[in-house]
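K.L.:
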Amino acid sequence: MSTTTVAHHEEHHDHPAGIMRWLTTTNHKDIGTMYLTFSLIMFFVGGSMILAIRAELFQPGLQLLNPEFFNQLIGVHALVMIFAALMPAATGFANWMIPLQIGAPDMALPRLNNWGFWLLPPSAILLTLPFTLALFGIGDGALATGWTFYPPLSVQGGIGVDFAIFAVHLLGISSVLGSINIIVTLFNMRAPGMTLMKMPMFAWGWLITAFLLIATIPVLAGAVTMLLTDRHFGTHFFDAAGGGDPIMFQHLFWFFGHPEVYILLLPVWGFIPQILETFSRKPMYGYKAQVYSLWAIGALAVVVWAHHFFTAGMPVPALLYFMYSTMAISLPLAVLFFCWIKTMWKGSMSFETPMLFAVGWIILFGIGGLTGLVLADVAADAQYHNSYFVVAHFHYTLFAGGIMGIMAGTYYWLPKMTGHMYSEKLGKLHFWLTAISFNLTFIPQFFLGLAGMPRRIPDYALQFAEFNMISSIAAFVLGFSQLLFVYNIVSCARGGKKATDQVWEGAKGLEWTLPSPPPYHSFTEQPTVK
Amino acid sequence: MALFVIVLVVAVGFSLIGAWLVLPFAGIEIVALSYAFYSVYLHSDDYESITIVGDEVIVEKKNHKDFTMMIFQRYWAQISVRDVMQDKGKSSKRGLFISSHGKEVEFGKYFINDGQRTMFARELREKLRNIY
């Protein structure tokens, strides 16, 4: 007797070519590529906004931008970088790599996956369209409240706030759809033998990220909807004059906003250990400790939100609770740092571009973490709050910890995705230019914050001139050095030295058992994990 | 379940302090996640198989609650791959058919691509030919 069984899977075999391939695709690799491309484009959109801001801040006084436009650029830069650059990059990697890493033929819900992506371009247009409309005399530009939408400013703001509210709704729906897909995929489609505790660390990072998104996005959606009704439908949720409470918005926003930091970082904490073990040529240290630490951080992430507004006025017991709970995050994070370093310890290390970025990431993200610990101190935060110290701190966590992590992941997986090796020489040059210019941009901002320079101002006192000048010059170097990144990616996608299936000598995991690039339909036969 | 409880506790908590608009969004999300799990669960046991036992070729198809089994006579079973119209007549694609004595069943409609379909048909013909 002979039996042939074919497992059920969605139909996306006879894929169309040309533009329809990308519009209608349900293939996880195509969708991953679209997410990553969109992310890269928006990284430059958000980056160009901040270069305009740094040009204005090059010297005291108002030279290039009026204050209103300056404020708009600040807010939209943050929203674009967080929602349209960093999150889609992590989702792009998830789409590409999670099915490959767990031995699945695709994501569990491929059509949902397509919709999740195609909500992103309209939301990016909604975010940036008010700039264009203002040129034609319609409205007064984009939202000028910063990315936090705090009322009463956001209730009084122009149509840019409405556009941003709808953009946030679309981005939220996209994130929820992506999260649902990832949770269902990881719970249902792992290869036989791959128990949860055998999942790759990247899959763990994303599972916890998806849980956090599911837990917090409704709160953000509710908050911005209440803002919308306050603006247009006569409600007073956040209007003190009508019996509302503007501080409640801060609670709602940061209940989402703080976990959002971990939403951006957890996927990176997932694949960085994989890069470290690959280039240290020894197994990852403390797999279980890392998984439990990720869960601990995920759990703490939703109970520490009010440290973002210690100065808004809270009862002392609340201040103490939020201070200690925030500081408690450093414990599981310290476990992660220990495991990352121990993975490299006595390893046979080599420093290809992904490893350079990963090691640089550990150091720079470490600075971000430690300065966060300073800000968690209620007494110290009274001085640092709303200063450039905060700006420098969150750029060490989100640029170094987030974007440089994504760059590490890009160089790590690019040969697998494209089938070609990138230029190692250009990759290393990109790393050093990025690392040096990043530090030269943001270390001066720590000093500016300590000296009392507030954030979100287009003009400043003369005493801050030198550090701002250094920061602006370095920001331009940082911005333009990213062109190397694009050049390297594009030339790698177009050709180059053929990549082997395993790509890296020390690489482990199911994704490295497939050809480079993987076939359109990966895993025609389900792998088994021992 | 734990995730649903967390989402509900958060939404109810914020509703109690006045932010009741969190509640409908949390509800929609829970429904969406539940439906996603349910739809995957419905098709988790789907399969198609061909079993050759002695003189018989047994084709089984399970799609959610629908189960069909067709038995063909091994010597008379015909394997063909031909163009078919896809559902809703949108675009044409190839289909693999097993037929004999007026009975016909399509195999691997959802699960394999055209290349695999042609290859599978060739392998199946080989197996049917090796009678002894």
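From first to last, the protein sequence lines are chains L and B.
All residue numbers for the first sequence refer to numbering that gives the first Met the number 0, where the first residue is 0 and numbers rise by one.
All residue numbers for the second sequence refer to numbering that gives the first Met the number 0, where the first residue is 0 and numbers rise by one.
Glycine included, C-beta positions come from ideal geometry on N, C-alpha and C.
Quick one, which of Pro121/L, Ser122/L, Ala123/L and Gly138/L has its alpha-carbon nearest Pro129/L's?
P.N.:
As a position in the first sequence, residue 129/L is number 130, starting the count at 1. For the residues Pro121/L, Ser122/L, Ala123/L and Gly138/L, the minimum Cα distance to Pro129/L belongs to Gly138/L.
K.L.:
Helix, strand or coil for Ser43/B? Go by DSSP, reduced to three states.
P.N.:
Working through the second sequence from its first residue, we reach residue 43/B at position 44. Ser43/B: coil per DSSP, three-state reduction.
K.L.:
Roughly how many angstroms separate the alpha carbons of Gly88/B and Thr523/L, rounded to a whole number?
P.N.:
Translated into the one-based positions of the second sequence, residue 88/B becomes position 89. Translated into the one-based positions of the first sequence, residue 523/L becomes position 524. Model confidence at Gly88/B stands at a pLDDT of 45, short of 50, so the residue's coordinates are unreliable and nothing is read from them.
K.L.:
Tell me whether the region 462-473 of chain L and the region 398-414 of chain L touch, counting them as touching only if at least three CB pairs, one residue from each stretch, are closer than 8 Å.
P.N.:
They do not touch, by the three-pair rule.
K.L.:
Spatial neighbours of Val80/B within its chain, please: CB distance less than 8 Å, with the 5 preceding and 5 following residues excluded, ordered by chain position.
P.N.:
In the second sequence, counting from the first residue as 1, residue 80/B sits at position 81. These residues qualify, in order along the chain: Arg93, Gly94, Leu95, Phe96, Arg116, Thr117 and Ala120.
K.L.:
Please identify the residue among Leu127/B, Arg128/B, Asp82/B and Ser98/B whose C-alpha is closest to the C-alpha of Asp113/B.
P.N.:
Translated into positions along the second sequence, residue 113/B becomes position 114. Per the Cα distances, Asp82/B.
K.L.:
Taking all protein chains shown into account, do 16 or more other C-beta atoms lie within 10 angstroms of the C-beta of Phe388/L, making it buried, or fewer, making it exposed?
P.N.:
Taking the first sequence and counting its residues from 1, the one referred to as residue 388/L is at position 389. Looking at its Cβ environment, which holds 16 or more other Cβ atoms inside 10 Å, Phe388/L is buried.
K.L.:
For chain B, find out if any of its Cβ atoms is closer than 8 Å to the Cβ of Met48/L; answer yes or no.
P.N.:
What you label residue 48/L is simply residue 49 of the first sequence in a count that begins at 1. False, the Cβ-Cβ gap to chain B never drops below 8 Å.
K.L.:
From this set, Lys427/L, Glu504/L and Lys529/L, which residue's C-alpha is nearest Leu483/L's C-alpha?
P.N.:
Residue numbering aside, residue 483/L sits at position 484 when the first sequence is read from its first letter. Leu483/L has its Cα closest to that of Lys427/L, out of Lys427/L, Glu504/L and Lys529/L.
K.L.:
Taking its Cβ as the centre, do 16 or more other Cβ atoms sit within 10 Å of Val79/L, making it buried, or is it exposed?
P.N.:
Position 80 of the first sequence, counted from the start, is the residue given in the question as residue 79/L. So Val79/L ends up on the buried side.
K.L.:
Rounded to a whole number of angstroms, what is the C-alpha to C-alpha distance between Tyr411/L and Ala357/L?
P.N.:
Counted from its first residue, the first sequence places residue 411/L at position 412. Counted from its first residue, the first sequence places residue 357/L at position 358. Distance between the alpha carbons of Tyr411/L and Ala357/L: 10 Å.
K.L.:
From Ala298/L to Pro331/L, what distance separates their C-alpha atoms?
P.N.:
Residue mapping note: residue 298/L aligns to position 299 of the first sequence, counting from 1. Residue mapping note: residue 331/L aligns to position 332 of the first sequence, counting from 1. Roughly 11 Å between the two C-alpha positions.
K.L.:
Please state the DSSP three-state secondary structure of Thr396/L.
P.N.:
One-based indexing of the first sequence puts residue 396/L at position 397. Correct three-state label for Thr396/L: helix.
K.L.:
Take Met247/L as the anchor and find which of Ile49/B, Ala18/B, Lys126/B and Tyr40/B has the nearest alpha-carbon.
P.N.:
Residue mapping note: residue 247/L aligns to position 248 of the first sequence, counting from 1. When each option's Cα is compared against that of Met247/L, the closest is Ala18/B.
K.L.:
What residues from chain L crowd round Phe36/B, counting only those whose CB sits closer than 7 Å?
P.N.:
Along the second sequence, read from residue 1 onward, the residue named residue 36/B stands at position 37. Within chain L, the residues near Phe36/B are Val183.
K.L.:
Mapping the DSSP letters down to three states, classify Met468/L as helix, strand or coil.
P.N.:
Here residue 468/L refers to the residue found at position 469 when the first sequence is read from its first residue. Note: Met468/L maps to helix in three-state DSSP.
K.L.:
For the region 219-226 of chain L against the region 249-258 of chain L, are there 3 or more C-beta pairs whose distance is under 8 Å?
P.N.:
Output reads yes: the region 249-258 of chain L touches the region 219-226 of chain L.
K.L.:
Using three-state DSSP, classify His307/L as helix, strand or coil.
P.N.:
As a first step, residue 307/L is located in the first sequence; it is residue number 308 there, counting from the start. In this structure, His307/L counts as helix in the three-state DSSP scheme.
K.L.:
Output yes if chain B places a C-beta closer than 8 Å to the C-beta of His520/L; else output no.
P.N.:
The count along the first sequence starts at 1 and reaches residue 520/L at position 521. It does: the Cβ of His520/L has a partner Cβ on chain B nearer than 8 Å.
K.L.:
Please name the residue or residues paired with Ser515/L in a DSSP beta bridge.
P.N.:
Along the first sequence, read from residue 1 onward, the residue named residue 515/L stands at position 516. The partner list for Ser515/L (beta bridge, DSSP) is empty, contrary to what the question assumes.
K.L.:
DSSP state of Trp205/L, grouped into three classes?
P.N.:
What you label residue 205/L is simply residue 206 of the first sequence in a count that begins at 1. In this structure, Trp205/L counts as helix in the three-state DSSP scheme.
K.L.:
If we count the other Cβ atoms within 10 Å of its Cβ and call it buried at 16 or more, is Leu195/L buried or exposed?
P.N.:
Residue 195/L sits at position 196 when you count from the first residue of the first sequence. Answer is exposed; the Cβ neighbour count stays below 16.
K.L.:
Of all Cβ atoms in chain L, is any one closer than 8 Å to the Cβ of Glu28/B?
P.N.:
The residue labelled residue 28/B in the question sits at position 29 within the second sequence. Yes, Glu28/B counts as interfacial toward chain L.
K.L.:
With a threshold of 8 Å between beta carbons, is Pro217/L in contact with chain C?
P.N.:
As a matter of chain content, chain C is missing from the structure shown, whose protein chains are L and B.
K.L.:
Anything in chain B within Cβ reach of Thr224/L, meaning under 8 Å, just list it in chain order.
P.N.:
Locating residue 224/L in the first sequence gives position 225, counting from the first residue. Here the neighbours are Leu20 and Phe24.
K.L.:
What are the start and end residues of the alpha helix (DSSP H) that includes Ser38/L?
P.N.:
Translated into the one-based positions of the first sequence, residue 38/L becomes position 39. Unbroken alpha helix (DSSP H) run through Ser38/L: His27 to Glu55.
K.L.:
What does the Cβ neighbour count give for Gln100/L, buried or exposed, with the cut at 16 atoms within 10 Å?
P.N.:
Sequence index remark: in the first sequence, residue 100/L carries index 101 (1-based). Gln100/L should be labelled buried.
K.L.:
For Asp29/L, count neighbouring Cβ atoms within 10 angstroms of its own Cβ and tell me buried if that reaches 16, exposed if not.
P.N.:
Here residue 29/L refers to the residue found at position 30 of the first sequence. Label assigned to Asp29/L: buried.
K.L.:
Have a look at Met343/L, Leu264/L and His257/L and flag the residue whose alpha-carbon is nearest the alpha-carbon of Glu276/L.
P.N.:
Within the first sequence, residue 276/L is the residue found at index 277, counting from 1. Minimum Cα distance to Glu276/L is reached at Met343/L.
K.L.:
At which residues does the beta strand (DSSP E) containing Asn62/B begin and terminate?
P.N.:
Working through the second sequence from its first residue, we reach residue 62/B at position 63. Here the beta strand (DSSP E) through Asn62/B covers Glu55 to Asn62.
K.L.:
Hey, Ile57/B and Met68/B are a contact pair by Cβ (cut 8 Å); roughly how many whole angstroms apart?
P.N.:
Position 58 of the second sequence, counting from 1, holds the residue named residue 57/B. Position 69 of the second sequence, counting from 1, holds the residue named residue 68/B. With a Cβ gap of about 6 Å, Ile57/B and Met68/B count as contacting.
K.L.:
Does the distance from the C-beta atom of Val260/L to that of Ala288/L stay below 8 Å?
P.N.:
Along the first sequence, one-based indexing puts residue 260/L at 261. Along the first sequence, one-based indexing puts residue 288/L at 289. Contact: no.
K.L.:
Identify the contact partners of Met416/L in chain B, using a Cβ-Cβ distance below 9 Å as the criterion.
P.N.:
Numbered from 1 along the first sequence, position 417 holds the residue referred to as residue 416/L. Under the 9 Å cutoff, chain B gives no residues; its nearest Cβ is about 21 Å from Met416/L.
K.L.:
Which chain B residues are close to Asn26/L, counting only those with a beta carbon under 7 Å from its beta carbon?
P.N.:
For the purposes of this step, residue 26/L is taken as residue 27 along the first sequence, with counting starting at 1. Chain B residues near Asn26/L: none, gap ~11 Å exceeds 7 Å.
K.L.:
Is it true that the CB of Met41/L sits closer than 8 Å to the CB of Leu20/B?
P.N.:
On the second sequence, residue 20/B is found 21 positions in, with the first residue counted as 1. On the first sequence, residue 41/L is found 42 positions in, with the first residue counted as 1. Cβ distance not < 8 Å, so Leu20/B and Met41/L don't count as in contact.
K.L.:
Any beta-carbon of chain L closer than 8 Å to the one on Leu2/B?
P.N.:
By one-based count along the second sequence, residue 2/B stands at place 3. Leu2/B counts as touching chain L.
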